[in-house]
Amino acid sequence: MWTLENRPKYNRDHVGYPSDLTDDEWAYVAPLVPPPKPGGGKRRTDMRAVMNAVIYILSTGCQWRYLPKDFPPYSTVHHYFVWWHGDGVLDRIHHMLDVACREKAEREARPTAAIIDSQRVKSAEKGGPASMRMAMMRAKRSRARSAIYW
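This note's numbering numbers the first residue of the sequence shown as 1278 and each following residue consecutively.
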């Protein structure tokens, strides 16, 4: 609720971008960021800056190459995004934050009811996330269907 007591708590004027994590938010997320892979050198990239860049990309929808220069290089951020997405790090962070928000609102950690719209059912029938990933890719045309081939 936007009361005079709550306004300072949600003020984001002290962070670089509105999507940047505050110190309290980073304290929640930091334990879930995986350590460096064994055998490699010392990590030179600030993981908080990478997480801020990932959140910036996800919240604005900008292209990777248009990531502002305040963040680490887009190739580094993309590398971590792919790694974290594949290992389920982003899903674990989302789940942990979801549970924390529900408990703070004095609700059960897991919802007892769900709403499934017809679009979700249709995508699940066709293969779920893998089919959605294929839908995002450009269609490949076979030579047999091409007018040039005939």
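Idealized CB from N, CA, C, for every residue including glycine.
To the nearest angstrom, how far is it from the Cα of residue i to the Cα of residue j?
i: M1409; j: Y1357; result: Interpretation of M1409 is limited by its pLDDT of 49, a score under 50 that renders its predicted location unreliable; the figure taken from the coordinates is listed afterwards. One C-alpha to the other measures close to 22 Å.
i: N1329; j: D1368; result: 16 Å
i: K1381; j: H1371; result: 15 Å
i: L1309; j: L1374; result: 11 Å
i: V1306; j: T1337; result: 20 Å
i: G1363; j: G1317; result: 20 Å
i: I1392; j: A1386; result: 17 Å
i: R1384; j: K1346; result: 41 Å
i: W1303; j: L1281; result: 25 Å
Which stretch, first to last residue, makes up the alpha helix (DSSP H) that contains residue i?
i: K1381; result: 1366-1381
i: E1302; result: 1300-1306
i: I1392; result: Note, I1392: premise wrong, no alpha helix (DSSP H); not H, not E.
i: L1454; result: With the chain represented from 1278 up to 1427, any question about residue 1454 goes unanswered, as that position is not in the structure.
I think residue i touches residue j, with their Cβ atoms under 8 Å apart; what is that distance to the nearest whole Å?
i: L1344; j: V1354; result: 6 Å
i: Y1351; j: W1341; result: 5 Å
i: P1349; j: T1322; result: 5 Å
Grab me the residues of residue i's own chain with a C-beta within less than 6 Å of its C-beta, minus the 5 sequence neighbours each way, in chain order.
i: M1324; result: V1310
Going by Cα to Cα distance, which pick from the options is closest to residue i?
i: K1314; options: E1383, W1361, A1390; result: W1361
i: T1299; options: N1283, A1326, T1322, R1320; result: A1326
i: E1377; options: P1349, S1395, D1301, A1390; result: Correcting the residue identity first, residue 1377 is Ala in this sequence and not Glu. The residue with the shortest Cα to Cα distance from A1377 is D1301.
i: D1331; options: D1394, R1320, V1366; result: Residue 1331 is actually Val in this sequence, not Asp. Per the Cα distances, V1366.
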